[in-house]
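Data block below; observations after.
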Ligand SMILES: Nc1ncnc2c1ncn2[C@@H]1O[C@H](COP(=O)(O)OP(=O)(O)OP(=O)(O)O)[C@@H](O)[C@H]1O
């Protein structure tokens with residue numbers, strides 16, 4: 001099955017857009033009312049790049065990931081009609097079931113935070129890896145088992161051929177997460193969504209898992225969407241970063257833009273919250289006071305206004321437009337309006 005590729009030309013280099021999300025809005029219909037989980041976000045993922053989506057709990061990161069994987073189930077979940085998600089130029093929201101079957105697990109795959117819930121407790125890990133391969137390729141059992149063994153070796157599982165016969169509960173949390181990565185890479189996906197892939201793991205295992213995703217990505221030229229609440233982990237991994245808040249994108253840019261030239265007070269607050277090795281003070285770690293707005297009734301102005309130290313009257317009344325700082329760096333904050341007072345901030 002072939003889909004048209006859309007190409008863009010940036011500075012003489014042809015960049016292939018793998019995924020283009022345009023005006024994505026997703027709601028959940030609950031007893032309490034309509035939760036506006038994602039509110040009109042647009043972004044793209046280029047071939048082979050790592051894009052990080054960062055924001056605190058409840059800002060809509062996972063709902064965005066689930067939308068791209070076709071996992072929003074109506075009638076409770078609703079992707080609004082104005083939304084588009086184009087994979088190699090084709091709007092996946094109009095896929096037939098045959099196209100979904102080809103795309104999901106084959107062209108794209110997802111690693112969830114909690115491997116124990118995501119894996120099937122009643123199947124051996126070998127069967128779970130080969131099941132995905134059989135679903136997408138005509139391949140002999142022997143070749144599928146060989147590939148599964150090779151994948152387990154690549155993700156650093158010792159005694160791989162023996163481990164194929166293990167069940168998820170017989171493995172440690174870090175090992176289970178490696179199995180998820182093996183399943184996700186089994187069919188050489190073009191797009192991998194890693195949704196908080198290391199949150200449940202301790203720091204050293206976290207680093208190993210991220211390194212592994214990175215090396216498999218480079219080997220297979222996979223595009224990775226890394227979803228995390230922890231801005232600290234994306235610095236050495238992502239080429240571009242999107243900062244989400246309350247269902248919206250509030251800032252986007254290259255890793256350098258976000259870490260060295262942040263333009264949104266929320267990004268600055270996230271940067272301040274990263275623990276620093278050089279910080280010898282005994283003071284408590286910085287945390288952002290207050291809570292994000294209720295998505296059942298989001299505010300009409302800037303969603304960060306209530307927590308923002310620089311809040312002006314206009315911030316409460318109108319959602320800021322997106323201000324462009326060049327080379328894909330944008331921020332939605334009234335402070336960048338030409339007539340706004342100039343503020344100095346440090347991280
Ligand atoms: N099945 C659901 N039913 C109702 N509301 C939901 C459902 N799934 C998500 N939401 C709501 O949508 C909003 C966005 O949730 P989402 O899971 O995308 O957040 P997140 O940024 O990924 O946070 P976390 O890191 O905690 O998962 C939240 O307000 C959440 O309560």
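In the UniProt record's numbering, the protein residues as written are 1 to 347.
Beta carbons: idealized from backbone N, C-alpha and C, even for Gly.
Check	Outcome
State yes or no: is the C-beta of residue 30 nearer than 6 Å to some heavy atom of ligand 1?	yes
Between the region 186-205 and the region 110-125, do at least 3 Cβ pairs fall closer than 8 Å?	yes
Here's a check: name, in chain order, each residue in its chain whose Cβ is nearer than 7 Å to the Cβ of residue 288, leaving out the five neighbours to either side.	269, 273, 307
Would you mind listing the alpha helix (DSSP H) stretches within the region 129-170 that are 4+ residues and don't spill past its ends, in chain order?	141-154, 160-163
Please classify residue 10: is it buried, with 16 or more other beta-carbons within 10 angstroms of its beta-carbon, or exposed?	Confidence at residue 10 is low in this model, with a pLDDT of 46, below 50, so the placement of that residue is unreliable and no value is reported for it.
Whose C-beta lies closer than 6 Å to the C-beta of residue 245 among residues of the same chain, with five residues either side of it excluded?	55, 59, 266, 303, 304
Roughly how far, in whole angstroms, is the beta-carbon of residue 48 from the beta-carbon of residue 223, given that I think they are within contact range, below 8 Å?	6 Å
Is any beta-carbon of chain B found at less than 7 Å from that of residue 66?	Chain labels in this structure do not include chain B; a single protein chain is all it has.
In chain order, which continuous runs of the beta strand (DSSP E) of length 3 or greater are located wholly inside the region 223-269?	223-228, 240-245, 248-254
Residue 60: beta carbon under 6 Å from a heavy atom of ligand 1?	yes
Which same chain residues, not among the five before or five after residue 165, have their C-beta less than 7 Å away from its C-beta?	124, 126
Under the rule that 16 or more other beta-carbon atoms within 10 Å means buried, what is residue 257, buried or exposed?	buried
Under a Cβ-count criterion, where at least 16 other Cβ atoms within 10 Å of its own Cβ denotes burial, should residue 331 be classed as buried or exposed?	buried
Should residue 20 be labelled buried (16 or more other beta-carbon atoms within 10 Å of its own) or exposed?	buried
Here's the rule: buried if 16 or more other CB atoms are within 10 angstroms of the residue's CB, otherwise exposed. What is residue 31?	exposed
My understanding is that residue 37 touches residue 295, with C-beta atoms under 8 Å, so please give their C-beta distance in whole angstroms.	6 Å
So, with DSSP's three-state summary, where would you put residue 124?	coil
Note down the Cα distance separating residue 255 from residue 231, rounded to an integer number of angstroms.	10 Å
Taking DSSP as the reference, what is the three-state secondary structure of residue 313?	helix
Helix, strand or coil: how does DSSP classify residue 195 here?	strand
Using a Cβ-Cβ cutoff of less than 8 Å, which residues in the same chain neighbour residue 206 once the five nearest sequence positions on both sides are dropped?	198, 233
Check whether the Cβ of residue 71 lies closer than 6 Å to any heavy atom of ligand 1, and answer yes or no.	no
Compare the Cα-Cα distances from residue 155 to each of 229, 262, 144, 185 and report the closest residue.	185
For the alpha helix (DSSP H) containing residue 51, list its first residue and its last residue.	Here residue 51 belongs to no alpha helix (DSSP H); instead the beta strand (DSSP E) covers 50-54.
From residue 328 to residue 44, what does the alpha carbon distance come to, in whole angstroms?	11 Å
For residue 4, which residues of its own chain have a beta-carbon under 6 Å away from its beta-carbon, when the five flanking residues on both sides are left out?	Low confidence applies here, because residue 4 scores a pLDDT of 44, under 50, leaving its location unreliable and the question unanswered by this model.
Which residues share a DSSP beta bridge with residue 98?	Bridge partners of residue 98: none, in fact.
Return yes when the C-beta of residue 35 is under 6 Å from any heavy atom of ligand 1, and no when it is not.	yes
Among 190, 82, 95, 51, which residue has its Cα nearest to the Cα of residue 70?	95
Is the beta carbon of residue 270 within less than 6 Å of some heavy atom of ligand 1?	no
So is residue 264 buried or exposed if we call it buried at 16+ other beta carbons inside 10 Å?	buried
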